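Accompanying notes for the structure given below.
In the working numbering, the protein residues as written are 124 to 335.
Rendered as structure tokens:
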């Protein structure tokens, strides 16, 4: 029991140490330049928490810095998550919460941060529908989310698409009846939506026929 307690304490201490060196030049051995933002990081930390960076450091020659083309406001969320600072989900003033979650999800997928990916997906779902599955935003805002998903999440967003499709299944009548929302047009305009939605609807229709 004492040995187990010591392991837990050591783990907690390690996480606290990782948090304490965030954005610090102390022992920093790698720099990420993202637009105007500069992230002074530690290879060991990135190696431990991201398979993407693990491959980068393993398969390339030793380099002191890298330039990436990402939105620094979103990329900073990834770095904070790697440094055990959690996911606060506070979008910039010019970005909706839903768009922010989708962007974080897509970037977490790219840099292979699976825990952050799940957190972003869960936060998006919470912002869109109630615990019972009822849509809690206006239908036109939900349709805007679908277009944002197509642009930002794309084919990578299987998890997000599944959550949104489930919301459509639960709220299809509301979405279709609100003609100003443009849901039917979105179904034709968004290939990824078609790919995810049609098999689910076919399965749902088949189950209902069997029940009748």
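Each residue gets a CB set at the ideal place from its N, CA and C atoms; glycine is no exception. In this text the structure is predicted, and so the values were computed from the model without any measurement.
Three-state class that DSSP yields for residue i in the structure shown
| i | result |
| --- | --- |
| residue 292 | helix |
| residue 258 | strand |
| residue 271 | helix |
| residue 224 | helix |
| residue 217 | coil |
| residue 165 | coil |
| residue 280 | With a pLDDT of 48 at residue 280, under the threshold of 50, the modelled position of that residue is not reliable, and the figure given next carries that caveat. DSSP places residue 280 in coil when its eight states are reduced to three. |
| residue 319 | helix |
| residue 160 | strand |
| residue 181 | helix |
| residue 211 | coil |
| residue 300 | helix |
| residue 200 | helix |
| residue 245 | helix |
Residues near residue i by beta carbon distance below 8 Å, same chain, minus five either side
| i | result |
| --- | --- |
| residue 304 | 261, 262, 263, 265, 266, 298 |
| residue 280 | Unreliable positioning characterises residue 280 in this predicted model, as indicated by a pLDDT of 48, which lies under 50. The coordinate reading is nonetheless provided below. The answer, listed in chain order, is 225, 228, 229, 232, 272, 315. |
| residue 215 | 196, 223 |
| residue 144 | 150, 151, 165, 168, 206 |
| residue 310 | 316, 317, 320 |
| residue 253 | 259 |
Supposed close pair residue i, residue j - CB separation, criterion 8 Å
| i | j | result |
| --- | --- | --- |
| residue 164 | residue 173 | Between residue 173 and residue 164 the Cβ distance is about 11 Å, and since that is not below 8 Å, they are no contact. |
| residue 89 | residue 269 | Outside the displayed span of the chain (124 to 335) sits residue 89, for which this structure offers no information. |
| residue 239 | residue 229 | That belief does not hold up - the Cβ atoms of residue 239 and residue 229 are roughly 11 Å apart, past 8 Å. |
| residue 141 | residue 168 | 6 Å |
Close-in-space but distant-in-sequence residues of the same chain around residue i (CB under 7 Å, 5 per side omitted)
| i | result |
| --- | --- |
| residue 177 | 170 |
| residue 306 | 262, 266, 298, 299 |
Assigned exposure category for residue i - 16 Cβ within 10 Å defines buried
| i | result |
| --- | --- |
| residue 290 | buried |
| residue 204 | buried |
| residue 161 | exposed |
| residue 202 | buried |
| residue 294 | buried |
| residue 155 | buried |
| residue 292 | exposed |
| residue 300 | exposed |
| residue 188 | exposed |
| residue 275 | buried |
Chain-order list of residues whose beta-carbon lies under 6 Å from that of residue i (same chain, five-residue window excluded)
| i | result |
| --- | --- |
| residue 158 | 195 |
| residue 190 | 156 |
| residue 175 | 234, 235 |
| residue 282 | 244 |
- Task: Evaluate contact between the segment 217-225 and the segment 245-254, counting only Cβ atoms and requiring at least three cross-stretch pairs below 8 Å.
- Result: yes
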